[in-house]
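Notes follow once the structure below has been shown.
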Amino acid sequence: MPAERAGYTVTMFLVDVSSSMANTRSVDLPLNTDNELHNAEMTHLEWALQFVKIKIQEMIFAGRKTEQCGVILFGSEETNNIVHTKNGGYDNVLEYIPIAQPNSATLAKLDALQPSTTTGDPIDALIVGIETQATYLAKKRTWTRKIVLVTDGETPMEVEDWEAVSKKMNALDISLTIVGVDFDDLEFPYQEEDKSNIKRANEEFYQMFTSSLNNGIVGTCAYALQEVMRPDVHNVKSALLGTVLRVGDVDTRPEESIEISIKMTKCTAISRPKSWKKYHLRVADTNMQTHDNENEGKTTEFAQLRVRTEYYVNRQGEAVESESVKEEDDEENLLDAMDSDEKEQVKDKNVLEKVEKEELVRGFKYGTTYAPCPDGQFPKLPTRKGMDICGFFPAKKFRRELAMGEVQYVWADPSSSYQQAALSSIVQATQEKGSMAIARLVTRDGMDPKMGVLLPTRFEKVDCFLWIQMPFADDVRKYSFASLEHLVSKNGEVLTTHPYLPTREQQEAMDAFVDGMDLMEAGGIDEEGNRQPWFDTRLSYNPALHRVKQALLHCAVVSDLNKNPLPPPHPELLKYFNTPPRIVKRAMNAAGHCKEVFGIKQVPKKVAKAKQDDHQHAEEDDEEQPLLLDLDHFPKRNQSQVVSTRPEVQVTPPSKRKGKAKAMNDSDSDTEEDEDEFVHVHPGEAMEVDRKPVSATQRAAHLPTPARSVSPTKRVHKDDKMTVDEDDDIDPGREAGRIIGTTNPLRDFRKNLERGDMVTKAVEDMGYVIGQVVLRPFASRRKDEMLESLKEMRNVALKEDEIDAWNAFMRDFKKKCLGTPGNRTFWAEVKSAGRQLSLISEMEADEYGGTSTVTEKEAKTVSIVPGIHLSHGQ
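Residue numbering for the sequence shown follows UniProt numbering, beginning at 1 and increasing consecutively.
The following block contains the structure:
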């Protein structure tokens, strides 16, 4: 179907208001606010008018002055039409709304329609519609003509001259759409039972009549209402804009240049959702006499707010532009119409100086400064209207990510065969060479130029270019990144195995995952039995655009949104929201394999810290806030007291195991259910650090702070004066949630053990840090440090009943060292240490009152992984 010209259309709506349209029906409505299904009783006229109002609302939505409509009623009690005025007859046909651009008043008039007590002939209304439309378009022969007839088919009609009417409509190229209430439609499907003979005969006539037209269709109203809400992309013709295409320098070397007259039209056009306007409740004037009967019922409840721009200057002399809304020149209730952000802006204006726009100089931002431009615009280039081809380049080097904006066609002048042959030769030559052209476009003399590319395109009967704008070279930002496959050490050695380099198994797992998400054969099956792609750009729509449009159309045809709420989105909008289950199932298996190969783990959720009323909260950024180290901010403490600089810390109560408890910082908690077990401590309160073993009750009242989590500040009284001793800085190598860092893990480990209740956490984090350091490149530099850390960790695990944690760590540590990339050299050092770094056997555990599942034989042979036995010599 060829594209229509945008606008330039007159649609005549012929609406049946006969007495039979007063019959009522039950219509299913969408879910209400309580998610309940319900029905509504409405007449056939009210139900059918929804289609008419939606079609008119689409014209209002487009906002084209050249898209007009008119409404003619048949079966009305009044008679007033152009044919009756000239020749008489054609009774009960009323020209209800003259042909014009529709607006909100058009919809209001349709809402006021009611069924009459008489009948009317649809053929009479059709003839009146044809004559009315032809009279209006007497001098507009290129306009598109449409007629929509809405009826229930229960009205008798005279059909003697229907052939003459059909010939007239074909001669004028009029398209006819008949929307019938409860008409039979086998494709929908719907078939009415107990149909009257008049309606059955009328339906047969309508089918015969539309078949005789060049463009005619009959449909049932239910299907028409469903289709009118379907999202659709209208293909329209764009206006031709004339310009000149130049190749070479036509001014200095005219004999070596070419100048071709061309026309440019839009190939694509961006469409955005309808913008919204602000309205505010108008406050009644207290001086008005409310008992005045003349103005009663005529007051406006809401008034549209318009934007007003004001300029302010702060103390540094920088201009500030502010926008506020104004209600019909009434500033009394300005703040009531603003949101919270706008109110804050108004409050900030009290410290600013208001200036007039004439006192300001326009400036353009250049980096972090502004370049003033007193004239409001810098001098423009002396450009000339037209398109200049600057050069050609291979099409394979075109970077599609640099394409900007909309695409436009470049045609030769349709009225000149010479110009068409010239442009066609350039298009064919460019295409044969596999090239594209760089073109500079100036739409009008003196306008800023645009740079773009010309893509040669050949259709069946015409050759043309496609032009799309590209950025200037200065506007393209180039960022370089290190190679993901080529890794070089500091010594210049090319590394082949490294945690940052994917293994063959990881690459195959990722390839399988990508292939599992392939949608190219996830769609339906065509006639030949081949699977089609799941996503089709021609059948996909912008949900925001069409949902807003659906809401606007619904509000236009429904008077009570509580009784008839907005229906759900059309299924076509949601078609691509859900991936096919077959693809999801296939991709889930591949994704699970990727998780195993890459060792992906879920990041623990951060639990928001509960605040108490007596806590000290941080002040706003622009307010002066006291430092935590301010000496006057804290009460005096003795030498054994330590103050934490953290604003708030959450800890879990100690475990039942004697001498140990698990302490967690704010990133260790996984779920919100553990919040009740936390103990909240005010930052200004001191805590005693008891070096002796304490009971669980005493330990719960204290705050075990990780040694590396913050920089504790010790406050010591000397001569009634408090001094401050700063501890070490925060370890930059300590990860969030860890109490031991990679910079000096052994020192962190010992400091946390001094606190007496950090053993479990310290052993766990120590093993994690050792594993991280040993598997890094150049780990040999820290070999001695890591061996000493392992010995210290084993000694603490043996004495503090962390035997199971040590044995589990060593089994996992061996797998990592002997795996890929691994560190077999370091593992050889571990084996050479013998029993100092072996598993802890049950005999050793008994000496310190602990338990172990490892026998003495297993510990001596360093058999850490079941099934793998390595002697010291291996």
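Think of the CB as a built atom: it goes at the ideal place given N, C-alpha and C, for glycine as much as any other residue.
DSSP three-state assignment for residue i, whether helix, strand or coil
i: residue 450; result: strand
i: residue 156; result: coil
i: residue 830; result: helix
i: residue 377; result: coil
i: residue 280; result: strand
i: residue 385; result: coil
i: residue 27; result: strand
i: residue 430; result: helix
i: residue 820; result: coil
i: residue 858; result: helix
i: residue 39; result: strand
i: residue 438; result: strand
i: residue 771; result: helix
i: residue 752; result: helix
i: residue 211; result: helix
i: residue 763; result: helix
i: residue 353; result: strand
Contact set for residue i: own chain, Cβ-Cβ below 8 Å, skip 5 residues either direction
i: residue 434; result: 394, 395, 396
i: residue 572; result: 230, 231, 539, 541
i: residue 472; result: 451
i: residue 402; result: 470, 471, 476
i: residue 98; result: 70
i: residue 718; result: With a pLDDT of 38 at residue 718, under the threshold of 50, the predicted position of this residue should be treated as unreliable, though the coordinate-derived value follows. Hits under 8 Å: none found.
Identity of the residue in the options nearest residue i by Cα
i: residue 456; options: 478, 423, 371, 523; result: 423
i: residue 766; options: 751, 773, 740; result: 740
i: residue 263; options: 360, 413, 147, 146; result: 413
i: residue 810; options: 837, 820, 821; result: 837
i: residue 88; options: 763, 128, 14; result: 128
i: residue 451; options: 468, 28, 137, 458; result: 468
i: residue 881; options: 260, 440, 301; result: Any question about residue 881 goes unanswered here, given that the chain covers just 1 to 874.
i: residue 152; options: 110, 241, 49, 172; result: 49
i: residue 69; options: 84, 110, 43, 80; result: 110
i: residue 13; options: 19, 54, 546, 43; result: 54
i: residue 242; options: 416, 365, 94; result: 416
i: residue 532; options: 444, 580, 546; result: 580
i: residue 236; options: 9, 438, 544, 796; result: 9
i: residue 21; options: 499, 193, 182, 807; result: 182
i: residue 118; options: 79, 139, 132; result: 79
Run of the beta strand (DSSP E) containing residue i, from where it starts to where it stops
i: residue 219; result: 216-220
i: residue 96; result: 93-100
i: residue 261; result: 258-266
i: residue 909; result: It is not possible to answer for residue 909, since the shown part of the chain is limited to 1 through 874.
i: residue 463; result: 463-469
i: residue 149; result: 144-151
i: residue 302; result: 302-313
i: residue 801; result: Careful: residue 801 lies outside any beta strand (DSSP E) and carries neither H nor E.
i: residue 592; result: From DSSP, residue 592 is part of no beta strand (DSSP E) but of the alpha helix (DSSP H) over 581-598.
Cβ-based neighbour list, residue i, same chain, cut-off 6 Å, excluding 5 preceding and 5 following
i: residue 420; result: 412
i: residue 353; result: 313
i: residue 627; result: Caution is warranted here: a pLDDT of 36 is assigned to residue 627, below 50, making its placement in the model unreliable, and no coordinate value can be reported.
i: residue 858; result: none
Sequence-distant residues of its chain with Cβ nearer than 7 Å to residue i (five each side left out)
i: residue 17; result: 45, 73, 75, 76, 113, 115, 116
i: residue 442; result: 383, 384, 385, 386, 449
i: residue 918; result: Because the chain here runs from 1 to 874, residue 918 falls outside it and cannot be looked at.
i: residue 363; result: 370, 371, 372, 373
Range covered by the alpha helix (DSSP H) that runs through residue i
i: residue 122; result: 122-136
i: residue 250; result: Per DSSP, residue 250 belongs to no alpha helix (DSSP H) and is neither H nor E.
i: residue 535; result: Premise fails: residue 535 is in no alpha helix (DSSP H) and is neither H nor E.
i: residue 162; result: 162-171
i: residue 878; result: In this structure the chain extends from 1 to 874, so residue 878 is not present and cannot be described.
i: residue 737; result: Here residue 737 belongs to no alpha helix (DSSP H), and DSSP marks it neither H nor E.
Chain B within 7 Å of residue i, Cβ atoms only
i: residue 415; result: Any reference to chain B falls outside this structure, which holds one protein chain only.
Touching by the beta-carbon criterion (3+ pairs, under 8 Å), the segment 520-534 and the segment 198-206 | Short answer: they don't touch.
Between the segment 215-227 and the segment 186-196, do at least 3 Cβ pairs fall closer than 8 Å?
-> Yes: the two stretches touch, three or more of their Cβ pairs being nearer than 8 Å.
Evaluate contact between the segment 768-779 and the segment 810-828, counting only Cβ atoms and requiring at least three cross-stretch pairs below 8 Å.
-> Because the criterion of three Cβ pairs below 8 Å is met, the segment 768-779 and the segment 810-828 touch.
Is the segment 802-818 close to the segment 747-758, with three or more CB pairs under 8 Å?
-> Counting Cβ pairs under 8 Å, fewer than three are found: no touch.
Three-pair Cβ contact test at 8 Å for the segment 502-515 versus the segment 550-558 | Segments in contact, no.
Taking one C-beta from the segment 267-280 and one from the segment 304-311 each time, how about it: are there three or more such pairs within less than 8 Å?
-> The segment 267-280, when compared against the segment 304-311, does touch it at the 8 Å Cβ threshold.
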